[in-house]
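Trainee: I have a structure here, written as C-alpha cells, and I will follow up with some questions on it.
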Amino acid sequence: MSSEQFFTIDCETHLWDLRGLRPKLKEADEFLKSLERRAKIITGKDVDLTYVTVDDLLNMMNEAGIDVAVCLALGFKKTFRRMWVPNELVAEAMRRAPDRIIGFGYVNPLEGEAALLELERIALELGLKGLKLYPLEGFYPNDEKIAFPVYEKCVELGIRNIAFHMGRAAMPNLRLRYAHPLYLDDVAECFPELNIICFHAAYPWIDDLIAVAGRCKNIMIAFSYVCAPITWAPYWVLEMLGKVLREIGPDRICWGSDWPTYANVKEQLEVLRKIKMPEDLQKKYGFPELTDEIKRKFFGENLARILGIEVKKRI
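Just so you know, we're using the numbering used here here: the sequence shown kicks off at 5 and counts up by one.
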C-alpha cells in the first residue's frame, strides 16, 4: 500500500438536521453561525451547516480518501432544547452505509437512570458501536456517583469504546473545568476493560494527557480537529504529534477531522499523508521521523484494532 493509499478512519464526524429548529431558536442559530464562520475561515467559502446529511458525509469521505468514519450523536439539550444529533439519526446513517460508517451513541450521565436506559437502547436496539461523552455539559468524568454507573453499564453491555471530548469548549456557556484529561486517570485505572478515546488531544492540555496516557495503556489520543492547521501552521501540529510519538509511541494515536466544522479534510489529508518530520524538530526535541508504518497506524490501523474492523480499502 503506497503512502497515497493509507487505510483511513476518521474518528470524529457529525451530521444533523436543524432546519426546523434554527429559525425558531436564537441559541441554535448563533451556534451554527459560529461554526459557519469557522468553516469559512478554513476554506474561504460560505458554508450552510443547517442540514448535514449522510450523503454529504459519504461525499466528503470519497473525496478525501477516507474508508471509514465514526459518526457521533451529540446532546447539548440546554442549547437546542433537544438532542442536537439524536441517536436514531446516527443509527440510520450506519444502516445506510454499514461498511463505511460506525455509529457512536450519546448519553448524559447527569440524567441518572434515564441515561442508563438510553444506553441499553443504544446497544440493544439501535446497534451503535460506542459511546460519546461530553463532560463539559456539567460532570466530572471521574465522578463515582454520576459517571461511573455509565461505565459499569457499558462494561455490562459490551460497549468497549468510549470517546470523551477533552479540552476547549465549543460553546460559551460550557465550563472547561470538567474537560481536563487528568480526570481520565481514574476512569482508565478503574475500568481497564474500556478503550478511552480522548478527542482533540485534550488541547491545550496535551502534556497532562501524555502524563495520563503514559501510565494508562487503555487511552487512545485522538488528533481530531487539531490537525486542521497542518495546511497553514504545520509546525504547530507537528510539535504536538512529535511530542506524543516520543513519549507514548505510535500505537495509541489516531486521526480525525471533526467534520463538518473543520471542512478542509481533503487538503488536510493530502498534506498529512506526505509530510515529514522536519530535521530541526528531530534534532532539537528528539521527535521520530514520520515513517509509513507510523502513518498507517495513525490514519487507521490503531482505531481499526479497537473497533474490531478489517483493515481494507473501501473506496
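Built from N, CA and C at the ideal position, the CB exists for glycine as well.
Taking one C-beta from the region 209-224 and one from the region 182-197 each time, how about it: are there three or more such pairs within less than 8 Å?
Mentor: Yes, the region 209-224 is in contact with the region 182-197.
Trainee: Just tell me which of Ile106, Ile225, Lys28, Leu311 has its CA closest to the CA of Gly246.
Mentor: Ranking Ile106, Ile225, Lys28, Leu311 by Cα distance to Gly246 puts Ile225 first.
Trainee: Give the secondary structure of Ala174 by DSSP, where H, G and I count as helix, E and B as strand, and everything else as coil.
Mentor: Correct three-state label for Ala174: coil.
Trainee: How is Leu25 classed by DSSP in three states: helix, strand or coil?
Mentor: Coil.
Trainee: Does the distance from the C-beta atom of Arg23 to that of Tyr55 stay below 7 Å?
Mentor: Cβ atoms of Arg23 and Tyr55: closer than 7 Å.
Trainee: Where Cys158 and Lys287 are concerned, what is the direct C-alpha to C-alpha distance, given to the nearest angstrom?
Mentor: In a straight line, the C-alpha of Cys158 is about 44 Å away from that of Lys287.
Trainee: Relative to the C-alpha of Leu25, which residue among Cys15, Met87, Ile13 is closest?
Mentor: Measuring from the Cα of Leu25, the nearest candidate turns out to be Met87.
Trainee: Tell me whether the region 213-223 and the region 25-45 touch, counting them as touching only if at least three CB pairs, one residue from each stretch, are closer than 8 Å.
Mentor: The region 213-223, when compared against the region 25-45, does not touch it at the 8 Å Cβ threshold.
Trainee: Do Ala68 and Val269 have their C-beta atoms within less than 7 Å of each other?
Mentor: Against a cut-off of 7 Å, the Cβ pair of Val269 and Ala68 comes out as a contact.
Trainee: Taking the C-alpha atoms as reference points, what is the distance between Asn165 and Pro282?
Mentor: Rounded to the nearest angstrom, the two C-alpha atoms are 34 Å apart.
Trainee: Give the secondary structure of Gly253 by DSSP, where H, G and I count as helix, E and B as strand, and everything else as coil.
Mentor: Looking at Gly253 - three-state DSSP - the assignment turns out to be coil, as it is neither helix nor strand.
Trainee: Quick one, which of Ala101, Asn91, Glu156, Tyr155 has its alpha-carbon nearest Glu129's?
Mentor: Taking only the C-alpha atoms, the option nearest Glu129 is Asn91.
Trainee: Mapping the DSSP letters down to three states, classify Met244 as helix, strand or coil.
Mentor: It is helical.
Trainee: Kindly indicate the opening and closing residues of the alpha helix (DSSP H) around Ile210.
Mentor: Where Ile210 is concerned, the enclosing alpha helix (DSSP H) stretches over 210-219.
Trainee: Relative to the alpha-carbon of Ala151, which residue among Leu121, Val191, Glu160 has its alpha-carbon at the smallest distance?
Mentor: Closest option to Ala151, Cα to Cα, is Val191.
Trainee: So Phe10 packs on Arg219, CB below 8 Å; how close in whole Å?
Mentor: Rounded, the Cβ-Cβ distance is 30 Å, inconsistent with contact.
Trainee: What is the DSSP secondary structure of Cys194, counted as helix, strand or coil?
Mentor: Helix, per DSSP.
Trainee: With 16 as the cutoff for other CB atoms within 10 Å, does Ile46 come out buried or exposed?
Mentor: Ile46 should be labelled buried.
Trainee: I think Ala119 touches Val154, with their Cβ atoms under 8 Å apart; what is that distance to the nearest whole Å?
Mentor: Yes, Ala119 and Val154 are in contact; Cβ-Cβ is about 6 Å, under 8 Å.
Trainee: Select from Asp255, Thr235, Phe203, Phe195 the residue whose C-alpha is nearest the C-alpha of Asp262.
Mentor: Ranking the options by Cα distance to Asp262, first place goes to Phe203.
Trainee: Mind checking which residues open and close the alpha helix (DSSP H) that includes Glu67?
Mentor: Glu67 -> alpha helix (DSSP H) spans 58-68.
Trainee: From Glu243 to Val230, what distance separates their C-alpha atoms?
Mentor: The alpha-carbon atoms of Glu243 and Val230 are separated by roughly 11 Å.
Trainee: Taking Arg256 and Phe291 to be in contact with their CB atoms under 8 Å, please state how far apart those CB atoms are, rounded to whole angstroms.
Mentor: Incorrect: roughly 17 Å between the Cβ atoms, too far for contact.
Trainee: Using the rule of at least 16 other Cβ atoms within 10 Å of the residue's Cβ for burial, across every protein chain shown, is Pro139 buried or exposed?
Mentor: Classification of Pro139: buried, given that the 10 Å Cβ count is 16 or more.
Trainee: Between the alpha carbons of Tyr239 and Asp50, how many angstroms are there, rounded?
Mentor: Answer to the nearest angstrom: the Cα atoms are 28 Å apart.
Trainee: What do you get for Cys194, buried or exposed, if any count of 16 or more other CB atoms within 10 angstroms of its CB means buried?
Mentor: That one is exposed.
Trainee: State the DSSP-derived secondary structure class of Glu117, mapped to helix, strand or coil.
Mentor: Correct three-state label for Glu117: helix.
Trainee: Go to Leu231, then tell me how far its beta strand (DSSP E) extends in each direction, as first and last residue.
Mentor: Reading off the sequence, residue 231 comes out as Cys, not Leu. Taken as a continuous stretch (DSSP letters only), Cys231 belongs to no beta strand (DSSP E), as it is neither H nor E.
Trainee: Between which two residues does the alpha helix (DSSP H) holding Asn91 run?
Mentor: Here the alpha helix (DSSP H) through Asn91 covers 91-100.
Trainee: Return yes when the Cβ of Gly107 is within less than 7 Å of the Cβ of Leu132, no when it is not.
Mentor: Yes, the pair counts as a contact, with Cβ atoms nearer than the cut-off.
Trainee: Flag this pair as yes or no: are the beta carbons of Ala97 and Lys136 separated by less than 7 Å?
Mentor: No, Cβ-Cβ distance for Ala97 and Lys136 is not below 7 Å.
Trainee: If the criterion is Cβ atoms closer than 7 Å, does the pair Pro113 and Phe143 meet it?
Mentor: Taking 7 Å as the Cβ cut-off, Pro113 and Phe143 qualify as a contacting pair.
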